[in-house]
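Colleague: In order, the protein sequences belong to chains E and X.
Per our numbering, the very first residue in the first sequence carries number 1; after that it's consecutive.
Per our numbering, the very first residue in the second sequence carries number 1001; after that it's consecutive.
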Amino acid sequence: MVDAVPASRAGPPPRSVTGRALAVLDSFDATHRRQSLAAIARRTGLPLTTVHRLVHELESHAALVRGADGDYEIGSKIWRLGTLASVHVELREVALPYMEDVYELGKDAVQVAVLDGLRCLVVDRIAGSRSISVLSKPGSRLPLHATGVGKVLLAFGGTELQDAVIGSLDRYTDKTITDVSTLTSQLATIRSQGFALTREELAPGATSVAVPLRGKGGTVIAALGVVSSSDNREISRMIPVLQVTAVALSAKLAQSGLGEASRLL
Amino acid sequence: MSPARADTGAPTALLERAMEILGCFGPDAGALTLTELASRTALPLSTCHRIAAALVAGDYLERGSDRRYRVGTALWTIAQHAPLSYGLRESALPALARLYEETGENVTLAVLDRGQALYVERLMGERSIPTVSRAGGHLPLHTTGVGKVLLAYQPATAIEEYLSKPLSRPTKDSIVQPDRLRRELAQVRERGYSITRQEMTIGSGSIAVPIIRDGACVAAVGVIVHLVRLDENRLVATLNRAAATIADELDRQ
């Protein structure tokens, strides 16, 4: 299974010189984690000789690492830099112990996501072999209207965001809600009851529940959710667990100053 | 170094400078001003500014209202596609969560990275003892539980090379005599686990075991505990179960 929406940053060959320099790194995404030189050249639209030089430079900084088969992968340098990003330091590190608690209780996949433009960005996820195989991975960008965490972020994201998202509601399964008035009334329910529920709206066989995480001043800054098999009739039992966890985690996030003016993205 | 050098337009030269600028950021340098970047890279301010601006445009860096640069979301996203992240960390998280719930202690996962232990994850809660390790951070091999395991399972030549270099001594109990370390590493291989007592931080000890795949140690998992809670028998058994689960998960990928 691959991402429903690959977080691809690769597009037409970038024009600026710095853009070209970074194009090699940009060509790595969820569906292109290991790439040969030729594949990088093809995806970036850069000449093979240029790619060769850029890759060599990146390898010397441990930004890329060459596997036994000769393909390249993202190296420890980039990975370490990633741990310094605000989304990591201010949210992921704080949220992880709370996500563990939720995971241990239900063994369902647990995820935290934030708003990123018109999508939600999965900040972290815990999923074991006993969890349903989830489409999303850390770094995935998922549609707001078809996921539990996304619906929460959409419901609390204000009318400007809602108007923008409602303009194009893509269909992923026959259960995806693409009708504007149905979605609008669901969002109102989510705001009043404080949680969102989806049933097979992004992928067949998966159901999810999610609750808001609030920062300073009560602003919704992220969403915490679990994804389970749609056979799981007891997923609603996770709602109070998520709500209790969200209260504790929100207090911690507010303490560290997240919210108000400080937006993660 | 003249600014003209960066203006030749060669993407390789630009990439090199971009890497130098990104390399300034670290656990103790999460937010840097332009002046700090220029002084750390020894690049002219104007060059530094232009490349940092390009990195901001690509969301590799972000610039806050305090005018400081920080690592941006694009870089974070690319980092999620590193095998350390999607491979090791993701495979290990459920077992680490269980290990944390079972012990209530500080749980760490590390790999060998250029002569140091690179912490891939660290789980801790209210009950855990504070530690100096953090995800993404490096610590010495000879003063940490996970580090001793990673070093012990290296080829003899690599061990000798490590022991031939000056060994840091974070506490008075750190072992820095090559002979003593050599004996201890042999013991780690023999028993299948490592133990440290106040060798990194006064008051704490640690126990770690290897994660073995195809006969090779690919990572180490450990717990850091208050010295009085260093119950070898109990912790080794729990750690071994976690290491076996993680190895299974890695195989399943």
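For glycine and all other residues, C-beta sits at the position ideal for the given N, C-alpha and C.
Counting only Cβ pairs nearer than 7 Å, list the residues of chain E close to Ile1129 of chain X.
Modeller: On the second sequence, position 129 is the one that residue 1129 of chain X refers to. Residues of chain E passing the Cβ test: none, with the nearest at roughly 14 Å.
Colleague: Can you tell which of E:His32, E:Gly225, E:Val51 has its C-alpha closest to the C-alpha of Ala41 of chain E?
Modeller: The count along the first sequence starts at 1 and reaches residue 41 of chain E at position 41. It is E:Val51.
Colleague: At least one CB of chain E closer than 8 Å to the CB of Met1124 of chain X: is that the case?
Modeller: Taking the second sequence and counting its residues from 1, one reaches residue 1124 of chain X at position 124. For Met1124 of chain X, the answer is yes, since a Cβ of chain E falls inside 8 Å of its Cβ.
Colleague: Consult DSSP for Ile190 of chain E and reduce its assignment to one of helix, strand or coil.
Modeller: For the purposes of this step, residue 190 of chain E is taken as the residue at position 190 of the first sequence. Three-state result, Ile190 of chain E: helix.
Colleague: Buried or exposed for Lys56 of chain E, going by 16 or more other Cβ atoms inside 10 Å?
Modeller: Here residue 56 of chain E corresponds to residue number 56 of the first sequence, with the count starting at 1. Reading off the sequence shown, one finds His at residue 56 of chain E, where the question assumed Lys. It is exposed - the Cβ of His56 of chain E has fewer than 16 other Cβ atoms within 10 Å.
Colleague: When the Cα of Leu1034 of chain X is compared with those of X:Arg1089, X:Ser1133, X:Cys1048, X:Ala1219, which residue comes out closest?
Modeller: Numbered from 1 along the second sequence, position 34 holds the residue referred to as residue 1034 of chain X. Ranking X:Arg1089, X:Ser1133, X:Cys1048, X:Ala1219 by Cα distance to Leu1034 of chain X puts X:Cys1048 first.
Colleague: Between Asp108 of chain E and Val24 of chain E, is the Cβ-Cβ spacing less than 8 Å?
Modeller: On the first sequence, position 108 is the one that residue 108 of chain E refers to. On the first sequence, position 24 is the one that residue 24 of chain E refers to. Not in contact: Asp108 of chain E and Val24 of chain E (Cβ atoms no closer than 8 Å).
Colleague: Anyone know if the C-beta pair for Ala1053 of chain X and Val1149 of chain X falls short of 8 Å?
Modeller: In the second sequence, residue 1053 of chain X corresponds to position 53, counting from 1. In the second sequence, residue 1149 of chain X corresponds to position 149, counting from 1. Going by C-beta atoms, Ala1053 of chain X is not nearer than 8 Å to Val1149 of chain X.
Colleague: Taking the CB atoms as reference points, tell me whether Ile132 of chain E and Ser228 of chain E lie closer together than 8 Å.
Modeller: The residue you call residue 132 of chain E lines up with position 132 of the first sequence. The residue you call residue 228 of chain E lines up with position 228 of the first sequence. For Ile132 of chain E and Ser228 of chain E, yes; Cβs fall inside 8 Å.
Colleague: Quick one: residues in its chain with C-beta nearer than 6 Å to the C-beta of Ile1202 of chain X, no 5 flanking neighbours on either side, listed in chain order?
Modeller: The sequence position of residue 1202 of chain X within the second sequence is 202, counting from 1. Cβ neighbours of Ile1202 of chain X beyond the five flanking positions: Thr1171.
Colleague: Please report the Cβ distance between Thr176 of chain E and Glu201 of chain E, rounded to the nearest whole angstrom; I am assuming they are in contact, meaning their Cβ atoms lie under 8 Å.
Modeller: Stepping through the first sequence from its first residue, residue 176 of chain E is reached at position 176. Stepping through the first sequence from its first residue, residue 201 of chain E is reached at position 201. So it is a contact: roughly 5 Å between Cβ atoms.
Colleague: The stretch 94-124 of chain E: which residues have C-beta closer than 7 Å to a C-beta of chain X, in chain order?
Modeller: Taking 7 Å as the Cβ-Cβ cut-off against chain X, the residues of the stretch 94-124 of chain E that qualify are Leu96, Pro97, Glu100, Tyr103, Glu104.
Colleague: For Phe28 of chain E, which residues in chain X fall below 9 Å Cβ to Cβ?
Modeller: Here residue 28 of chain E is taken as the residue at index 28 of the first sequence, counted from 1. Ordered by position in chain X, the residues that pass the 9 Å Cβ test against Phe28 of chain E are Ile1078, His1081, Ala1082.
Colleague: List, in order along the chain, the chain X residues whose C-beta lies closer than 8 Å to that of His61 of chain E?
Modeller: Here residue 61 of chain E refers to the residue found at position 61 of the first sequence. Within chain X, the residues near His61 of chain E are Met1019, Gly1023.
Colleague: Measure the alpha-carbon distance for Arg1180 of chain X versus Ala1031 of chain X and round it to whole angstroms.
Modeller: Your numbering for residue 1180 of chain X matches position 180 in the second sequence. Your numbering for residue 1031 of chain X matches position 31 in the second sequence. Going by the C-alpha atoms only, they are around 41 Å apart.
Colleague: Please confirm whether Ala239 of chain E has its beta-carbon closer than 8 Å to some beta-carbon of chain X.
Modeller: Residue numbering aside, residue 239 of chain E sits at position 239 when the first sequence is read from its first letter. Just to set this straight, residue 239 of chain E is Ile in the shown sequence, not Ala. No, because no Cβ of chain X sits closer than 8 Å to the Cβ of Ile239 of chain E.
Colleague: May I ask you to list the residues that DSSP assigns as paired with His1049 of chain X?
Modeller: Residue mapping note: residue 1049 of chain X aligns to position 49 of the second sequence, counting from 1. Its beta-bridge partners do not exist; DSSP assigns none.
Colleague: For the putative contact between Val123 of chain E and Ser140 of chain E, defined by C-beta atoms under 8 Å, what is the C-beta separation to the nearest angstrom?
Modeller: Sequence index remark: in the first sequence, residue 123 of chain E carries index 123 (1-based). Sequence index remark: in the first sequence, residue 140 of chain E carries index 140 (1-based). Not really, about 10 Å apart at Cβ, beyond 8 Å.
Colleague: In chain E, which residues lie with their C-beta within 9 Å of the C-beta of Tyr1100 of chain X?
Modeller: Counting from one through the second sequence, the residue named residue 1100 of chain X turns up at place 100. Near Tyr1100 of chain X (Cβ distances below 9 Å), the residues of chain E are Pro97, Glu100, Glu104.
Colleague: Report the three-state DSSP secondary structure of Arg1063 of chain X (helix, strand or coil).
Modeller: Position 63 of the second sequence, counted from the first residue, corresponds to residue 1063 of chain X. Three-state result, Arg1063 of chain X: strand.
Colleague: So, for Ser27 of chain E: in the same chain, excluding its five sequence neighbours on each side, which residues have a beta-carbon less than 6 Å away from its beta-carbon?
Modeller: Taking the first residue of the first sequence as position 1, residue 27 of chain E is located at position 27. If we look at Ser27 of chain E and ignore the five residues flanking it on each side, its Cβ neighbours are Ala10, Ile40, Arg43, Thr44.
Colleague: Expressed to the nearest angstrom, what Euclidean distance is found between the alpha-carbon atoms of Ala38 of chain E and Leu48 of chain E?
Modeller: For the purposes of this step, residue 38 of chain E is taken as the residue at position 38 of the first sequence. For the purposes of this step, residue 48 of chain E is taken as the residue at position 48 of the first sequence. Going by the C-alpha atoms only, they are around 7 Å apart.
Colleague: Taking a contact to mean a Cβ-Cβ separation below 8 Å, would you say Ala85 of chain E touches Thr1073 of chain X in this structure?
Modeller: Translated into positions along the first sequence, residue 85 of chain E becomes position 85. Translated into positions along the second sequence, residue 1073 of chain X becomes position 73. Closer than 8 Å, so yes.
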